[in-house]
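These notes are about the structure you will find just below.
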Amino acid sequence: MPTELEELVEFLHHGNTQIRQIACEHLVGYSSSNAAIFKKHQLGPITDLKLLVRDYAPIAKNALTILINLSSSQDEEVVKTLADDDAFLTTLLKKLLDLFVSGGSPSPSTSTSSTSKASDTDRDTDPDAHFDYLSYLLANLSAAHASIRTFLVTRQAYDGVVPLSKLVVFTTHPSLIRRRGVASTLKNVNIVPYLLLPLAGNEEYSAEETEGMLVELQLLPADKQREADEGRGQGGVAAERCVSDYQDVA
Numbered sequence: 001m002p003t004e005l006e007e008l009v010e011f012l013h014h015g016n017t018q019i020r021q022i023a024c025e026h027l028v029g030y031s032s033s034n035a036a037i038f039k040k041h042q043l044g045p046i047t048d049l050k051l052l053v054r055d056y057a058p059i060a061k062n063a064l065t066i067l068i069n070l071s072s073s074q075d076e077e078v079v080k081t082l083a084d085d086d087a088f089l090t091t092l093l094k095k096l097l098d099l100f101v102s103g104g105s106p107s108p109s110t111s112t113s114s115t116s117k118a119s120d121t122d123r124d125t126d127p128d129a130h131f132d133y134l135s136y137l138l139a140n141l142s143a144a145h146a147s148i149r150t151f152l153v154t155r156q157a158y159d160g161v162v163p164l165s166k167l168v169v170f171t172t173h174p175s176l177i178r179r180r181g182v183a184s185t186l187k188n189v190n191i192v193p194y195l196l197l198p199l200a201g202n203e204e205y206s207a208e209e210t211e212g213m214l215v216e217l218q219l220l221p222a223d224k225q226r227e228a229d230e231g232r233g234q235g236g237v238a239a240e241r242c243v244s245d246y247q248d249v250a
């Protein structure tokens, strides 16, 4: 006969929202000490929890807490099923990105205008809270998973915006932590070479100098011309800022 805990786990996929919420609330306390109950039925409860991350906020919060506790146990089977699920990672990244961009506001801006995005950096929804270290989390995710890098440079159906465009404004944020994390993310998605190429010419450099450059900027053809000052405009200024941030991180 199944134990009470095993029966409780079965309610994670119940059709009644209130029952799912109660089940999640009670299971949080067991996720650190009784990880085995979540591995029954070929990790069926883990699959349920990954879906519950997209449920109503109280349920999603507890489901995510359970998954954090389970993944912290270093159980290879659990960690692998989480790390290999691109759809699940994309859901998490979207939530993190929205939280990071909005400064904690439950209603992040979806505007594509630079003025609107810049205003997102100065929200005072909670003067005692900041989310600067999320930038390092985004950087680590973008370094470890190709699917995350693809997500960052692909226009999303839910708001019609390329996620990476929401991060660019933070290259000039007052927080050094946030600036460095964003610069690392830009580096991981390999956008920096495309920003630097217009600034590069056909000058010859020593072997030592060449080794310190990005691969894409090494040994450029003899006919490569640096973009004229009048042609670079604001794009050149943005590129130079990115170079500065990149140098801070590198």
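Quick note: the sequence shown uses the working numbering, first residue 1, plus one each step. Just so it is clear, CB atoms sit at the ideal spot from N, CA and C, and this is done for glycine as well.
For P163, the enclosing alpha helix (DSSP H) begins and ends at 163 to 168. DSSP, reduced to helix, strand and coil, places H41 within a helical segment of the structure shown. One alpha carbon belongs to E208, the other to R155, and they sit about 39 Å apart.
Proximity of the region 131 to 138 to the region 88 to 97 meets the contact definition, three or more beta-carbon pairs being nearer than 8 Å.
Within the same chain, Cβ atoms closer than 7 Å to the Cβ of E25 are found at N62, the five residues on either side in sequence being excluded.
Within a 10 Å sphere around the beta-carbon of V215 sit fewer than 16 other beta-carbons, which makes this residue exposed. Where E4 is concerned, the enclosing alpha helix (DSSP H) starts and stops at 4 to 10. Judged by their CB atoms, R149 and N202 are not nearer to each other than the 8 Å cut-off. Contact fails between the region 168 to 181 and the region 218 to 227, because fewer than three Cβ pairs, one in each stretch, are under 8 Å apart. Scanning the region 58 to 105 from its first residue to its last, the whole alpha helix (DSSP H) runs of 4-plus residues come out as 76 to 83, 86 to 102. Counting only unbroken stretches of 4 or more residues, the alpha helix (DSSP H) elements lying wholly within the region 152 to 208 are 163 to 168, 176 to 188, 192 to 196, in sequence order. Exclusion of the five residues before and after I46 leaves F38, K39, L67, L70, V78, T81, L82 as the residues of its chain whose Cβ lies within less than 8 Å of its Cβ. In the three-state DSSP reduction, R20 falls in the helix class (H, G or I). In this chain, the alpha helix (DSSP H) harbouring N140 covers 134 to 144. Taking the CA atoms as reference points, V9 sits about 14 Å from L51.
Relative to the Cα of F151, the nearest Cα in the group R20, V53, A87 belongs to A87. At the C-beta level, R20 and D55 come within 8 Å of one another.
Ranking V168, E211, S175, A36 by CA distance to the CA of L195 puts V168 first. It is roughly 12 Å from the alpha-carbon of D48 to the alpha-carbon of A23. Per DSSP, reduced to three states, the secondary structure at V53 is coil, with no helix or strand assignment.
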